[in-house]
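Student: In the working numbering, the protein residues as written are 52 to 222.
Virtual Cβ for every residue (Gly too), placed ideally from N, Cα, C.
A quick note: this is a predicted structure, and the numbers were derived from the prediction, not measured.
1) Using the Cα positions of residue 161 and residue 152, report the straight-line distance between them to the nearest angstrom.
2) Assign residue 156 to buried or exposed, taking buried as 16 or more other Cβ atoms, counted over all protein chains shown, within 10 Å of its Cβ.
3) Can you check whether the CB of residue 92 is closer than 8 Å to the CB of residue 138?
4) Would you list the one or two residues that DSSP bridges to residue 131?
5) Within the 8 Å Cβ cut-off, does residue 189 reach chain C?
6) Bridge partners for residue 183 per DSSP, in chain order?
7) Please classify residue 108 as buried or exposed, where buried requires at least 16 neighbouring CB atoms within 10 angstroms.
8) With distances taken from CA atoms, which of 90, 154, 181, 179 is nearest residue 225?
9) Quick one: grab the DSSP three-state call for residue 160.
10) So for residue 76, helix, strand or coil by DSSP?
11) Identify the residues that DSSP records as bridge partners of residue 104: which are they?
12) Let's test the definition: count the other Cβ atoms within 10 Å of the Cβ of residue 102 and tell me whether it reaches 16, buried, or not, exposed.
13) Relative to the alpha-carbon of residue 198, which residue among 131, 127, 89 has its alpha-carbon at the smallest distance?
In C-alpha cells, the structure reads:
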C-alpha cells in the first residue's frame with residue numbers, strides 16, 4: 052500500500068500526464084484510408100447495462116501529422132476517458148509506448164504480464180478530475196490507446212474496459 056500511495060502522489064501532478072500526452076501528439080503520424088479514428092473509440096453501446104453518456108472531442112490535428120481522438124463516457128458508477136493516436140506504423144506506436152514505460156519505471160510503475168496485452172504500460176494510479184482513477188496505455192496495431200477509469204472498483208474494471216477498447220481499436 053505504501054508504494055501505491057507514493058505512486059499516487061507522484062501521478063497527481065498534471066505535468067506528468069501532460070508530458071506523456073504531449074509526446075504522443077508530437078510524434079503522431081498520418082493514417083491511410085482506413086477506419087476513421089472516431090469509429091475505433093469506445094461508445095455507450097459497448098456498455099449497455101451501465102447507462103453511460105458520451106462526449107466526443109477530436110483533438111485538432113492541424114498541428115499533427117495524423118489523427119488523435121478522445122472520448123469521455125460518464126455513468127453513475129464509473130467514468131471512462133479514452134484517447135487514441137494512430138501512427139504510421141505499429142513500430143512507431145511501440146516506440147512511444149516504450150518511452151511511456153520507461154518514464155513509468157522511474158515512478159515505480161511496472162508492466163506485469165496480462166493475458167491478451169503483450170505491450171502495455173502497467174496501471175498508474177492517479178487523480179482524474181478530483182477522483183481516484185487508474186490509467187493504462189497499450190498498443191493495438193498502429194494505435195496507441197490510453198484508458199483512464201474513475202469510480203467504483205476502477206482498478207478492477209480497467210482490464211475489462213481495456214479488452215473492449217482493444218477489440219474496437221483492432222478494426
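Tutor: In short:
1) 8 Å
2) exposed
3) no
4) 124, 200
5) Considering every chain present, this structure includes no chain C. It has just one protein chain.
6) 178
7) exposed
8) Missing from the structure shown is residue 225; the chain here goes from 52 to 222 and no further.
9) coil
10) Note that residue 76 scores a pLDDT of 46, beneath 50, so its modelled location is shaky; the value from the coordinates is reported in the next line. Residue 76 falls in the helix class under three-state DSSP.
11) 125
12) exposed
13) 131
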